[in-house]
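In our numbering, the protein residues as written are 1 to 199.
I have placed the structure first, in the form of structure tokens, so that the comments after it can refer back to it.
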């Protein structure tokens with residue numbers, strides 16, 4: 001099965017692009033969403049996160065996100081330790097999910113493919129970009145967050161320029177109709193490349 005990575009900075013519109021691929025009957029795996037579900041569902045993850053963060057990591061069987069966010073914010077090693085617990089489980093879950101799919105290729109949407117040096121996990125990588133002001137405005141609306149907080153997140157992420165250099169495809173998400181057309185074009189090129197690989 002061909003695996004296509006879909007990545008991009010905060011507010012670039014990865015979900016919008018993912019939904020356009022779904023319209024073309026391409027299965028999409030949203031790594032962050034699945035990680036959140038596994039953190040609640042998996043007894044092993046739960047046990048390890050409680051050992052890492054303490055009993056306050058969960059309230060009424062739900063992940064205590066504000067508490068964990070504050071811990072990670074004050075000590076970055078917590079994030080590395082949490083990722084070491086969660087990421088292998090997500091990777092295993094993705095492999096099981098992939099085996100059930102019947103399409104020519106699947107998409108795995110993950111924000112930090114390049115930051116974690118995971119390029120080798122993918123046959124092709126698509127980076128979604130967007131105008132910086134547009135990205136900030138989207139996240140302010142979506143997360144009810146402050147401009148300065150979003151800017152600090154963007155400044156901590158790998159730049160679009162660096163991501164674009166490492167990608168096979170780039171989709172600029174500034175206009176919905178244009179974005180949809182870019183997705184259709186990218187989809188057709190991927191299918192053509194898969195056909196060539198098979199020949």
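Backbone N, C-alpha and C define an ideal beta-carbon position, used for all residues, glycine too.
Quiz item: Thinking C-alpha only, which one of 196, 26 and 142 is nearest residue 98?
Solution: Here residue 98 corresponds to residue number 98 of the chain shown, with the count starting at 1. Nearest Cα to residue 98 within the set 196, 26 and 142: 26.
Quiz item: Per DSSP, what kind of secondary structure is residue 151 in: helix, strand or coil?
Solution: Within the chain shown, residue 151 is the residue found at index 151, counting from 1. Residue 151 falls in the helix class under three-state DSSP.
Quiz prompt | Distance, residue 196 Cα to residue 143 Cα | solution = The sequence position of residue 143 within the chain shown is 143, counting from 1. The sequence position of residue 196 within the chain shown is 196, counting from 1. Roughly 43 angstroms between the two C-alpha positions.
Self-check item: With 16 other Cβ atoms within 10 Å as the buried cut-off, status of residue 109
Solution: Here residue 109 refers to the residue found at position 109 of the chain shown. Flag for residue 109 reads buried.
Quiz item: Around the Cβ of residue 173, are there at least 16 other Cβ atoms within 10 angstroms (buried) or fewer (exposed)?
Solution: As a first step, residue 173 is located in the chain shown; it is residue number 173 there, counting from the start. Buried: at least 16 other Cβ atoms inside 10 Å.
Quiz item: For residue 73, does the count of other Cβ atoms within 10 angstroms reach 16, so buried, or fall short, so exposed?
Solution: Sequence index remark: in the chain shown, residue 73 carries index 73 (1-based). That one is exposed.
Quiz prompt | Three-way DSSP call (helix, strand, coil) for residue 100 in this model | solution = For the purposes of this step, residue 100 is taken as residue 100 along the chain shown, with counting starting at 1. Residue 100 carries a coil assignment under DSSP once its states are collapsed to helix, strand and coil.
Quiz item: Under three-state DSSP, which class holds residue 115?
Solution: If you number the chain shown from 1, residue 115 lands on position 115. Note: residue 115 maps to coil in three-state DSSP.
Quiz prompt | Local conformation of residue 10 per DSSP, three classes | solution = In the chain shown, residue 10 corresponds to position 10, counting from 1. Shown here, residue 10 sits in coil according to DSSP, grouped into three states, outside any helix or strand.
Exercise. Enumerate, from N- to C-terminal direction, the unbroken beta strand (DSSP E) stretches of 3 or more residues contained entirely within the region 17–84.
Key: Scanning the region 17–84 for uninterrupted beta strand (DSSP E) segments of 3 residues or longer gives 28–30, listed from N- to C-terminal end.
Self-check item: Length of the line joining the Cα atoms of residue 14 and residue 8
Solution: Locating residue 14 in the chain shown gives position 14, where the first residue counts as 1. Locating residue 8 in the chain shown gives position 8, where the first residue counts as 1. In this structure, the straight-line span from the alpha carbon of residue 14 to that of residue 8 is close to 6 angstroms.
Quiz prompt | Nearest-angstrom Cα separation, counted from residue 100 out to residue 153 | solution = Taking the first residue of the chain shown as 1, we reach residue 153 at position 153. Taking the first residue of the chain shown as 1, we reach residue 100 at position 100. Just so you know, the alpha carbons of residue 153 and residue 100 end up roughly 35 angstroms apart.
Quiz item: In whole angstroms, what is the alpha-carbon distance linking residue 140 and residue 114?
Solution: The residue labelled residue 140 in the question sits at position 140 within the chain shown. The residue labelled residue 114 in the question sits at position 114 within the chain shown. Cα atoms of residue 140 and residue 114: separation of roughly 25 angstroms, rounded to the nearest angstrom.
Exercise. Return helix, strand or coil for residue 122, following the three-state DSSP convention.
Key: Here residue 122 is taken as the residue at index 122 of the chain shown, counted from 1. Reduced to three states, the DSSP call for residue 122 is coil.
Quiz item: Can you round the beta-carbon distance between residue 58 and residue 43 to whole angstroms, since I take them to be within the 8 angstroms contact cut?
Solution: Working through the chain shown from its first residue, we reach residue 58 at position 58. Working through the chain shown from its first residue, we reach residue 43 at position 43. The distance from the Cβ of residue 58 to that of residue 43 is about 12 angstroms, inconsistent with a contact at the 8 angstroms cut-off.
Quiz item: Where does the unbroken alpha helix (DSSP H) through residue 210 begin, and where does it stop?
Solution: Given that the chain is displayed from residue 1 to residue 199, the structure contains no residue 210 and the question cannot be resolved.
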